[in-house]
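Protein chains in written order, with the working numbering: chain W, 72 to 537; chain Y, 6 to 239. Note that beta-carbon positions come from the ideal geometry of N, C-alpha and C, so glycine has one too. All values reported here derive from a predicted model rather than from experimental measurement. Data first, discussion second: the structure below is written as structure tokens.
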């Protein structure tokens, strides 16, 4: 199981460490370049100083430095020579392997740096400066010199640069490590603080009962980020409560439906047991069998209702065009065959389609039609059933209109309720009040809208679709 | 005792009528609320067993109209609705008792007996008149020498007289409470039943319990006031 704290720590610390590494590398590279540049500048300054000490007022060219040229005295190694390769002066430790840059075509004043090693093998930086021997501007023209090209070379030990660079790297490493630890602590505390509303949300959810809402339980503790979660949780709670209430009503209705047949059964058997006359017992057995059949029929209707709301477990053939389905179901309808006698009219667009599974559509249409045919008086008494299939932009609509019906507008609103029956059907055990509930469950399960409206002249219109 | 059953379930109605008739009650049974109200208004039943969910007119409306019309018969409501508020609603509408379906017939019978007794102001299930004990629960009459072999009809007559002890009960009253609407009552049926009771009680050594008031009817005196008791005290 993942932890938000661990996950955030990993990601944020990873990010910080990555940034530190990139920044550290960049700083190290820049610092290296900077230090080298400073070192080079120092070497160049020294070289120019040495170059200024070379004069050609007299022949031969002179290097007017009278101290020792050793590294211990100058801090660097130096070699001064002419462009044709004549060495005028050189430090005694000058490495013989350094070579001689004489003959290189560079303009006076130009220089170049090279990486090299001292005679004892230390890494060093070598500057080759092309210059000209100094002259005295105040001397007579014949003594002003010849501006003879010279080459001044300086080798400086790179160890100080390397040491400074190493020190910088160590400082960067330490700083990075301290930064990481500080970031860890800050993130740990920050994430903990950020997770407090979640803990409050959990406590609030623990506290609430099905009748209350998270919004109320959380009160002012919710944050901007939590608000949509709280809203979603409350919506979920509302949906769950509606589902539980529906199930509770369903269970209660089933229990209610079973009470009368069980009362019949108990009374039959109690009376037959108390006064055990053969004729009474024979009658009781026959009636008990009838009751069992009715209870089985109730059970099957309840199961059909439960299954009507289930999504299909496997892909099923789509219903397709509605009109042919309506016609075939009407022809096969038990109610139609038994000759109810209501005037039945079908109209609509043959291209109107439903994409819901064909099996579900057949049950839906059959229950709708049989309900209409069952509760419509014969044509001689003005009874009629009109079935209309209406195409729509998104989904087709099926309308079943019948009349005249003995319903109030309020009763029409109850038609989709499980076990609800109009008074005239209440005592009839063949009518469970589940047919239209099954229609509603199928419509709801497949995203179809449904309505039952009582119109003028006692006409009932049940509409399924969009 | 004459009962009215108003129940739309044919099987339950017939079974109840069968069981209660076999228990010695005269029973009329109808299937809907309108009929039930008409029957209840036409006859003074000793008890009405009334289903709540009825076609035409629901049980509570029947009860309400019956009580508003001055009906005094005790009413036992039968209902599949078992919640407290439903029971309270039924009892407040004027019912004397409320029984939730399904129920045991023995319980219904016991409640019917209790309601019939209470409506006559008799709390105990057994009534004693001198040496005679009328056990209304067991529906038998007993003396010190044992059970008096009364037929159900004879016990029903004796029971009605016992429950109305101290009051002269006319033949018409007896006929109305002992026979149901479908029963052909012969002119001397009550007299015949009274004669039969007297004969069987006499054989058990009890005489003079049922007095005849010429032109008025029959009377059983309350315990302690019967001639036998008076003779015993003298």
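Of all residues in the stretch 24-41 of chain Y, those with a C-beta nearer than 7 Å to a C-beta of chain W are 24, 27, reading in chain order. Straight-line spacing of the CA atoms in residue 512 of chain W and residue 460 of chain W works out to 20 Å. Under a criterion of Cβ atoms nearer than 7 Å, the residues of chain W adjacent to residue 107 of chain Y are, in order, 330, 333, 334, 337. Taking 9 Å as the CB threshold, residue 160 of chain Y stays off the interface with chain W.
When Cβ-Cβ separations below 9 Å define contact, residue 85 of chain Y makes contact with chain W.
When the five nearest sequence neighbours on each side are left out, the beta carbons in the same chain lying within less than 7 Å of the beta carbon of residue 74 of chain Y are those of 46, in order along the chain. Contact note: residue 346 of chain W reaches chain Y through 27, using a C-beta cutoff of 7 Å and chain order. Annotation for residue 157 of chain Y: the continuous alpha helix (DSSP H) segment containing it runs 157-168.
Within chain Y, no C-beta atom comes nearer than 9 Å to that of residue 316 of chain W; the closest sits roughly 15 Å away. DSSP links residue 473 of chain W through a beta bridge to W:456, W:531. Interface flag for residue 111 of chain Y against chain W is set, since a Cβ pair is found closer than 9 Å. DSSP, read as helix, strand or coil, puts residue 162 of chain W in coil. With 16 or more neighbouring CB atoms inside 10 Å of its own CB, residue 106 of chain Y falls in the buried class.
For residue 260 of chain W, the three-state secondary structure derived from DSSP is helix. The beta carbon of residue 75 of chain W sits no closer than 9 Å to any beta carbon of chain Y.
Contact note: residue 351 of chain W reaches chain Y through 23, using a C-beta cutoff of 8 Å and chain order. Listed by position along chain Y, the residues whose Cβ is nearer than 7 Å to that of residue 502 of chain W form an empty set, because the closest Cβ is around 12 Å away. Residue-level contact by beta carbon fails for residue 367 of chain W and chain Y, as no gap is shorter than 9 Å. Per DSSP, the continuous beta strand (DSSP E) segment holding residue 222 of chain W begins and ends at 220-228. Within the stretch 122-154 of chain Y, no complete alpha helix (DSSP H) segment of 4 residues or longer occurs. Look at residue 255 of chain W here: in three-state DSSP terms it is helix.
In the DSSP assignment, residue 350 of chain W falls within the unbroken alpha helix (DSSP H) covering 349-379. The alpha carbon of residue 81 of chain W has as its nearest neighbour, out of W:226, W:262, W:482, W:430, the alpha carbon of W:262.
Among the CB atoms of chain W, none fall inside 9 Å of the CB of residue 9 of chain Y.
Just so you know, the alpha carbons of residue 120 of chain W and residue 235 of chain W end up roughly 25 Å apart.
Going by DSSP, residue 425 of chain W is part of the beta strand (DSSP E) stretching over 424-428. The beta carbon of residue 415 of chain W sits closer than 6 Å to those of 456, all from its chain and outside the five residues before and after it, given in chain order. Listed along the chain, the chain W residues whose CB falls inside 8 Å of the CB of residue 72 of chain Y amount to none; the nearest CB is some 23 Å away.
Three or more Cβ pairs closer than 8 Å define a contact, and the stretch 111-119 of chain W falls short of that threshold against the stretch 127-139 of chain W. The three-state secondary structure of residue 50 of chain Y, taken from DSSP, is coil. Around residue 358 of chain W, the beta-carbon contacts reaching into chain Y at under 7 Å are 16. Taking C-beta atoms under 8 Å as the contact rule, residue 331 of chain W and residue 17 of chain Y qualify, at a distance of about 7 Å. From the listed residues W:433, W:320, W:164, W:491, the smallest Cα separation to residue 393 of chain W is found for W:433.
Restricting attention to W:448, W:212, W:359, W:299, the CA atom closest to the CA of residue 128 of chain W is found in W:212. Checking the DSSP bridge columns, you'll see residue 203 of chain W partnered with W:220.
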